[in-house]
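Asker: According to the numbering used here, the residues represented by the sequence shown are 437 to 857, in order. Pasting in a structure now, in structure tokens, and then I'll have a few things to ask.
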Amino acid sequence: MNRIQEINFDGIIGPSHNYAGLSLGNIASSSNAGEMSYPRQAALQGLAKMRHNLDLGLTQGFFMPLDRPNDDWLDSLGTDSDNAEPHIRAASYSASAMWAANAATISPAPDSNDSRCHLTVANLRTMPHRSHEWPGTLAQLQIAFGDKSCFAVHNPVPPAFGDEGAANHMRLCVSHDSPGVEVFVYGESGGPYPARQHIEAGKAISRTHDLSDDKVLFTQQSNEAIAAGAFHNDVVAVANGPVLFAHEQAFEHRDQFYAELEQKFPEVEIVTVPADKVSLNDAIKSYLFNAQLVTLPGNAGMALILPTEARENLAVWSYLEELIAGNGPIRKLCPVDVRQSMANGGGPACLRLRVVADPETVDQRFIASPEKLDQIAAVVEQYWPENIVPAQLAETGLKDKIRTARSALLKSCGLAQLDRG
Ligand code: SUG
């Protein structure tokens, strides 16, 4: 039996989750800078989302938070967490690895000429606080996807070329286990905010993943979307199976992109949300497109796992109700509360990395079950700080608490090998 299916790996929200305003071009991050965060509540919200998706009959996995503060990174900058300047210290403490959509780019086995699933860890080089995530992420990918007959885990693209992983990558296919067309979305610099994904990175990944040219497409994210705060493509578009769900203003050369896509993948079903129904600003504020678009088991169609913020936006919710009342592929709306992550610009789709593979070929320590999620929640309840304000990051007591919390989680998940020293 072919057991290749989509597995959503969510980043467990780490004990150092805080609002330091580190991401220029990410409006939520900038506007919540300095606010009090609630790491325990944040992690529990993330776990509740995973439980919700398990209950829908989906396969769920998770990744561990990274070791923070990142002493190796501080050391390479000639400092440490006691002496670093506040913005460097904040960057070393960031829990940003929770947004697993930025962990790596994935090309499933059916797409690759060597019939293996390829994963390239993202260099995240544009934002200092994210640029030091990749070694910790790579260590986990190498364990989780260590079976070399099924997986090839690649080092990051060299840092001159920005790569933010699956957040700028879409795969269209008839079903998850059949060959797909992969779309690499990139930005061009020149606007008010950085374009984090470079075309050179997408091209490099398409080559190292051994994809055929006729199964690959490159398209530019629209400058106006980046300028309006869509710092990743997954803030304005999402794909699943044969469906592309995108805002009218998501792509710089939309008509040309759609024509190329239809030519390479004639089965595509494009659902474009018109700006006169949902403005770009409403789309970005509500994170409508940062939904997980998932295929429900048993021919039940597709569902959108949306942030509750989408339900609170009148224009967005009216559009969505109209959408599911129609005869289209999207049949169900499931709002989930991930407000703690949303306040840093990370919706339901940011929190997960999709890997299409046979779950039995993955290290089982990374695969979720209701019991394991309960066990993780108990560790979070016991060890995660209740709240943090960025000014507290200078306190040794907090540093010790964050380290103890992560170590307890690693131990409980049988992953103490990821602990420091
Ligand atoms: O890279 N926020 C993240 C949000 C990432 C969302 N991911 C996807 N769209 N896939 C970012 O901007 C904020 C950190 C801070 O300000 O403390 C932050 O890194």
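The beta carbon of each residue, even a glycine, is placed where N, CA and C say it ideally should be.
1) Under 6 Å: does the beta carbon of L880 sit that close to some heavy atom of the ligand SUG?
2) How many Å lie between S473 and A533 at the Cα?
3) So does A603 have its beta carbon nearer than 6 Å to some heavy atom of the ligand SUG?
4) Just to confirm before moving on: does the CB-CB distance between Q576 and F499 stay below 7 Å?
5) Nearest-angstrom Cα distance between T562 and Q633?
6) Give the secondary structure of Q441 by DSSP, where H, G and I count as helix, E and B as strand, and everything else as coil.
7) For G598, which residues does DSSP report across the bridge?
8) So the candidates are A526, G677 and L846; which of them puts its Cα closest to the Cα of P826?
9) For the ligand SUG, any of its heavy atoms closer than 6 Å to the Cβ of D583?
10) Compare the Cα-Cα distances from C609 to each of Q692, S543, P743 and A727 and report the closest residue.
11) Less than 7 Å between the C-beta atoms of Q501 and W820, yes or no?
12) May I ask whether a heavy atom of the ligand GDP can be found less than 6 Å away from the beta carbon of W820?
13) With DSSP run on the structure shown, which of helix, strand or coil describes S425?
14) Do three or more CB pairs link the region 550-560 to the region 595-602 at distances below 8 Å?
15) Where DSSP assigns a beta bridge to P770, which residues make up the other side?
16) Specify the secondary structure class of F725 as computed by DSSP and reduced to three states.
17) Nearest to A746 by alpha carbon, out of G734, A761, S805 and L769?
18) Y474 by DSSP, collapsed to three states: which one?
19) Mark A520 as exposed unless 16 or more other C-beta atoms lie within 10 angstroms of its C-beta, in which case mark it buried.
20) Just checking G493 against the ligand SUG - is the residue's beta carbon closer than 6 Å to any of the ligand's heavy atoms?
21) Please state whether the Cβ-Cβ distance between N468 and A779 is less than 7 Å.
22) If you measure between the beta carbons of Q441 and T495, is that distance less than 7 Å?
23) Might you give, ordered along the chain, the residues of its own chain that have their beta carbon closer than 6 Å to the beta carbon of E569, omitting 5 neighbours on each side?
24) In whole angstroms, what is the alpha-carbon distance linking G857 and H590?
25) Can you tell me whether S548 is helix, strand or coil according to DSSP?
26) At what residue ranges does the region 522-593 contain a whole run of the beta strand (DSSP E), taking only runs of 3 or more?
27) For E433 versus P702, is the C-beta distance shorter than 7 Å?
28) Does G497 come out as helix, strand or coil in the three-state DSSP assignment?
29) DSSP state of D507, grouped into three classes?
30) Under 7 Å between the Cβ atoms of D718 and V674?
31) Which residues mark the beginning and the end of the beta strand (DSSP E) in which Q656 is found?
32) Going by DSSP, what residues sit across from T708 in a beta bridge?
33) Pop quiz: K700 and D650 are said to be a contact at Cβ under 8 Å. What is the actual Cβ separation, rounded to whole angstroms?
34) Residue range of the beta strand (DSSP E) that V714 falls in?
35) Closer than 6 Å to a non-hydrogen atom of the ligand SUG - does that hold for the CB of N749?
Answerer: Short version:
1) In the structure as shown, the chain begins at 437 and stops at 857. Residue 880 is therefore absent and cannot be evaluated.
2) Residue mapping note: residue 473 aligns to position 37 of the sequence shown, counting from 1. Residue mapping note: residue 533 aligns to position 97 of the sequence shown, counting from 1. S473 and A533: Cα-Cα distance of roughly 16 Å.
3) Stepping through the sequence shown from its first residue, residue 603 is reached at position 167. True, at least one ligand heavy atom lies under 6 Å from that Cβ.
4) What you label residue 576 is simply residue 140 of the sequence shown in a count that begins at 1. What you label residue 499 is simply residue 63 of the sequence shown in a count that begins at 1. With a cutoff of 7 Å on beta-carbon distance, Q576 and F499 are scored as near each other.
5) As a position in the sequence shown, residue 562 is number 126, starting the count at 1. As a position in the sequence shown, residue 633 is number 197, starting the count at 1. Cα-Cα distance, rounded: 9 Å.
6) Locating residue 441 in the sequence shown gives position 5, where the first residue counts as 1. Here Q441 sits in strand by DSSP.
7) As a first step, residue 598 must be located in the sequence shown, where it is residue number 162. Answer is none; G598 lacks a bridge partner.
8) Here residue 826 corresponds to residue number 390 of the sequence shown, with the count starting at 1. Selected option, being the one with the closest Cα: A526.
9) Translated into positions along the sequence shown, residue 583 becomes position 147. False, no ligand heavy atom lies under 6 Å from that Cβ.
10) Along the sequence shown, one-based indexing puts residue 609 at 173. Ranking Q692, S543, P743 and A727 by Cα distance to C609 puts S543 first.
11) As a working note, residue 501 is residue 65 in the sequence shown. As a working note, residue 820 is residue 384 in the sequence shown. Here the sequence assigns Pro to residue 501, which means Gln is not the residue at that position. No, they are not a contact pair.
12) Judged by which ligands are present, the ligand GDP is missing from the structure shown, whose ligands are the ligand SUG.
13) Because the chain is modelled from 437 through 857, residue 425 falls outside the range shown and cannot be assessed.
14) yes
15) Numbered from 1 along the sequence shown, position 334 holds the residue referred to as residue 770. Reading off the sequence shown, one finds Cys at residue 770, where the question assumed Pro. I741, per the DSSP bridge assignment.
16) Along the sequence shown, read from residue 1 onward, the residue named residue 725 stands at position 289. Helix, per DSSP.
17) As a first step, residue 746 is located in the sequence shown; it is residue number 310 there, counting from the start. When each option's Cα is compared against that of A746, the closest is L769.
18) Numbered from 1 along the sequence shown, position 38 holds the residue referred to as residue 474. Reduced to three states, the DSSP call for Y474 is coil.
19) The residue labelled residue 520 in the question sits at position 84 within the sequence shown. Buried.
20) Position 57 of the sequence shown holds residue 493. No, the ligand SUG has no heavy atom inside 6 Å of this Cβ.
21) Here residue 468 is taken as the residue at index 32 of the sequence shown, counted from 1. Here residue 779 is taken as the residue at index 343 of the sequence shown, counted from 1. Going by C-beta atoms, N468 is nearer than 7 Å to A779.
22) In the sequence shown, the residue the question calls residue 441 occupies position 5. In the sequence shown, the residue the question calls residue 495 occupies position 59. Result yes, Cβ atoms of Q441 and T495 sit closer than 7 Å.
23) The sequence position of residue 569 within the sequence shown is 133, counting from 1. Counting only Cβ-Cβ distances below 6 Å, and skipping sequence neighbours, we find A533 and L560.
24) Walking along the sequence shown from the start, residue 857 turns up at place 421. Walking along the sequence shown from the start, residue 590 turns up at place 154. With a pLDDT of 45 at G857, under the threshold of 50, the modelled position of that residue is not reliable, and no figure is offered here.
25) For this step, residue 548 is matched to residue 112 along the sequence shown. Note: S548 maps to strand in three-state DSSP.
26) 540-543, 553-557 and 587-590
27) A question about residue 433 goes unanswered here, because the residues of the chain that appear run from 437 up to 857.
28) Residue numbering aside, residue 497 sits at position 61 when the sequence shown is read from its first letter. Three-state result, G497: strand.
29) Here the question's residue 507 lines up with position 71 in the sequence shown. Here DSSP, grouped into helix, strand and coil, assigns D507 to helix.
30) The residue you call residue 718 lines up with position 282 of the sequence shown. The residue you call residue 674 lines up with position 238 of the sequence shown. Contact flag unset, no.
31) As a first step, residue 656 must be located in the sequence shown, where it is residue number 220. V652 to Q656 is the extent of the beta strand (DSSP E) around Q656.
32) Position 272 of the sequence shown, counted from the start, is the residue given in the question as residue 708. Residue pairing of T708 in beta bridges, as defined by DSSP: A682.
33) Looking up residue 700 in the sequence shown gives position 264. Looking up residue 650 in the sequence shown gives position 214. Right, their Cβ atoms sit about 6 Å apart.
34) Here residue 714 refers to the residue found at position 278 of the sequence shown. Neither: V714 is in no beta strand (DSSP E) and is coded neither H nor E.
35) If you number the sequence shown from 1, residue 749 lands on position 313. Flag unset: Cβ of N749 not near the ligand SUG.
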